[in-house]
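These notes concern the structure reproduced below.
Protein chains: 2
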Amino acid sequence: MPIVGMVGGGQLARMTAQAAIGIGATFRVLAESPSESASLVTHDVSVGSHLSADDVSAFAALCDVVTFDHEHVPNAVLTSLESAGVLVRPGSAALRYTQDKLAMRERLVALGAPVPRFGTVASVADVLAFAGESFPVVLKAVSGGYDGKGVWVCASPEDAAAVIAGAAEREIALMAEEYVPFRRELAALIARSPSGQGAAYPVVQTVQVEGICREVIAPAPGLHPVVAEEAQELALSIASALGVIGLLAVELFETRSGALLVNELAMRPHNSGHWTMDGSRTSQFEQHLRAVLDLPLGSPSLLNVPGFTVMANILGGDDPDVYDRYIHVMAADPAIKVHFYGKEVRPGRKIGHVNLAGTPEDSVDSLRDRARRAASYLRWGTEDGE
Amino acid sequence: MPIVGMVGGGQLARMTAQAAIGIGATFRVLAESPSESASLVTHDVSVGSHLSADDVSAFAALCDVVTFDHEHVPNAVLTSLESAGVLVRPGSAALRYTQDKLAMRERLVALGAPVPRFGTVASVADVLAFAGESFPVVLKAVSGGYDGKGVWVCASPEDAAAVIAGAAEREIALMAEEYVPFRRELAALIARSPSGQGAAYPVVQTVQVEGICREVIAPAPGLHPVVAEEAQELALSIASALGVIGLLAVELFETRSGALLVNELAMRPHNSGHWTMDGSRTSQFEQHLRAVLDLPLGSPSLLNVPGFTVMANILGGDDPDVYDRYIHVMAADPAIKVHFYGKEVRPGRKIGHVNLAGTPEDSVDSLRDRARRAASYLRWGTEDGE
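Protein chains in written order, with the numbering used here: chain A, 1 to 386; chain F, 1001 to 1386.
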């Protein structure tokens, strides 16, 4: 069996390690420390920095194919690996679009994909020229943001001025985007293999709070099949055009008029796909491994069709000891599946998630309520803490 | 999170390691070598012998609770752990019944559980006295058998004489059992926690070939609900009477008249429960961990209700390189889930299994056919190799 190496030791690598056990692939991880989420459970751990060309290439020498649990490996490091003949999946040419939101938006426009109106901004005057009277306006760091970090919704020119000043101080390039008053957020997750095979998961609804994904409902309730198919085809065509190998998550706005706009792209396992671990025939982590290994892709279909599966993220609360609360949650709802990341508990930090696959009789609302109660109890010790 | 230690480094420990990642428990394994199935994927591996009191107790000192992937740890080693205050789950008092089939049969009779007629035998005369004219008769090693090893179906007194002679030479104690002309074999898998909570999986049908489990169908097709409940209650009551903590698998004969007879007991994850990885809300491996950690048990219900799930074991063929055949199987049937054990391929050796969770529309026969084709191809490179 080939050896897959994943750069990054977070929870995505941890859950990929779990999936690798099943398919029998040898899995290695390059983590920043032996105590990271994936380091704690992976047999073959290399400790080093994803920013160091030396560390990454020493790691790659131990692997047949290299993939990633985040998008923070510098593009120059990726291209030097490729020049040395390493199989890098996804490759540098695709990953650059996750590292440069401006390039990504420009590329999507060129592909004819629907995106919010955007522009480059370096000054308050630029923001005013972009937005006119239309506040709020969204300012984003061109590189490096995640989980709501690097995104600022500015209600006024004064807000924008403060963001511009802060960004200038830290030498962060910004772009502006129209504020989309969406009906809800959706995500289309697909996989693409080097052989060109594609597989699309059912389109899901995501619920973000302060930029952090808190809840996912699979499939998105009430989404018209034509729109769902449109979202899947959009994701598959973006993956094909950008040459993505592995997973591609396309975060979408469903506007009040029912149109779709692309918000973000991720080329790795994604929070919006955690539900697949308990609700789909093939988890996103196994699917990513299959794709980067150029194995035939697995069925992305729902296991509990025609039921829904709900995922809720567990955020850390003030009390670092979750174990007693864990027992309560398991006792209260035996169908809840808890996935812990082995992370130190810090307030607001993602430390795990729960999945709840419903039966055909369970309503979406009841499933959401049960999943939220479990996540809330694990955070606060009370079922209605948020 | 507590640290669970599993003695034994086979595929059951490997799949338990996989489940431990999800629930966030720290998992250690005591394996005989660094290349065993579980050693290859577990972060914390101790190498040592399960027969050595020193090795096992040094291992136990690293763990909060100790459990097992086989029943071969000598009872004296178990009791010395217990005397030292180690949490051993299941405990020595329960495990002795998996180590001594005669004691197990006698205990089951005392409990009123239905078992085949049995007796101790040390000579051909004893066998003749037991069997009379009723050949075939089954001779079994009282201790140490598994996967058909240690079980001999004797068609004649001459067969029995040969077994008796061979056993005497190797100092193996034997027992005799009536040959049960069963309609089919079933298995009832349950979990029991120290708090006394029990959870019963749906009763399954198992298909053995030459003593090796080859196929499992969940739930057992056409089994009358009253009989299924009887089997579950039997398993729960045996677990309670014997003080089993963790999983208990009760292998059963369904006789031609429809009665149930207990064949074997196992107090660990069991081949008849591998289907739960892809067909139940809680896999048997997670359930075993929950039970030995005294966590509330998970829901054992089917995910794809009212569909069936079929498991087929993958045995090794002559060609040690399964990878090319793997690709074929994945391409031929994207719903097939392959679980490889990372074992060196040897003819006839269990090297993995496939699971196939059906939709409500899939017939049992079509699912069995698909699972068998996949397992056959992985062994022989042809879909009708067996």
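The C-beta atom is built at its ideal place from N, Cα and C for all residues, glycine as well.
- Distances from the CA of R1346 of chain F to each of F:V1137, F:A1331, F:Q1284, F:D1319 were compared; the closest alpha carbon is that of F:D1319.
- Shown here for S1272 of chain F: same chain residues with a beta carbon closer than 8 Å to its own, the five before and five after excluded, namely A1187, L1189, V1204, T1206, C1213, V1216, A1249, E1251 in chain order.
- Counting of Cβ neighbours within 10 angstroms places P1225 of chain F among the exposed residues, the total staying below 16.
- Comparing C-alpha distances from P136 of chain A to each of A:R349, A:G144, A:S37, A:E158 shows the shortest one belongs to A:E158.
- D1069 of chain F counts as buried, since no fewer than 16 other beta carbons sit within 10 angstroms of its beta carbon.
- Annotated three-state conformation of I1245 of chain F is coil, per DSSP.
- Distances from the CA of G243 of chain A to each of A:A93, A:D100, A:H274, A:V151 were compared; the closest alpha carbon is that of A:A93.
- Comparing alpha carbon positions, the residue from F:E1133, F:F1027, F:S1240 closest to L1108 of chain F is F:S1240.
- Excluding residues up to 5 positions away in sequence, L1139, W1152, C1154, L1174 lie with their Cβ nearer than 8 Å to the Cβ of V1163 of chain F in the same chain.
- Distance from the CA atom of E229 of chain A to the CA atom of L297 of chain A, rounded to whole angstroms, is 19 Å.
- The beta carbon of S1299 of chain F falls within 8 Å of a beta carbon belonging to chain A, placing the residue at that interface.
- Distance from the Cα of R290 of chain A is smallest, within the candidate group A:E36, A:A17, A:M311, A:V115, for A:A17.
- As summarised for the segment 118-192 of chain A, the continuous beta strand (DSSP E) elements at least 3 residues long and confined to that stretch are 118-121, 137-141, 151-154, 174-178, 182-192, given in chain order.
- Scanning the segment 85-124 of chain A for uninterrupted alpha helix (DSSP H) segments of 4 residues or longer gives 92-99, 101-111, listed from N- to C-terminal end.
- For Y1377 of chain F, none of the residues of chain A pass the 9 Å Cβ criterion, the least Cβ distance being about 13 Å.
- Any Cβ of chain F closer than 8 Å to the Cβ of I3 of chain A would place that residue at the interface, and such an atom is absent.
- By the Cβ neighbour-count rule, R1183 of chain F is exposed, with fewer than 16 other Cβ atoms within 10 Å of its own.
- Interface with chain A (8 Å Cβ-Cβ cutoff): V1041 of chain F is included.
- For a Cβ distance threshold of 7 Å, residue set I327, M330 of chain A lies close to L1295 of chain F, ordered along the chain.
- At a cut-off of 8 Å between beta carbons, V305 of chain A contacts chain F.
- In terms of beta-carbon proximity, F285 of chain A stays away from the interface with chain F, with every pair separated by 8 Å or more.
- Listed in chain order, the non-local C-beta contacts of T42 of chain A below 6 Å within the same chain comprise A17, V29, local neighbours out to five positions each way being set aside.
- Contact check between the segment 114-122 of chain A and the segment 83-98 of chain A: fewer than three CB pairs, one atom from each, fall below 8 Å, which does not count as touching.
- Residue-level contact check: G352 of chain A touches chain F, since one or more beta carbons of chain F fall below 8 Å from its beta carbon.
- Residue pairing by DSSP places F27 of chain A opposite A:V4 in a beta bridge.
- Under the three-state reduction of DSSP, D55 of chain A is assigned to helix.
- Look at R281 of chain A: its C-beta is under 8 Å from a C-beta on chain F.
- Within its own chain, the residues whose Cβ lies closer than 6 Å to the Cβ of R1368 of chain F, once the five positions on either side in sequence are excluded, are V1310, listed in chain order.
- In terms of Cβ geometry, V1004 of chain F and A1020 of chain F form a close pair [threshold 8 Å].
- In terms of beta-carbon proximity, V1310 of chain F stays away from the interface with chain A, with every pair separated by 8 Å or more.
- For G8 of chain A, the closest Cβ of chain F is not nearer than 8 Å.
- Put simply, the backbone Cα of A1084 of chain F is about 60 Å away from that of N263 of chain A.
- P136 of chain A has a beta carbon lying at 8 Å or more from every beta carbon in chain F.
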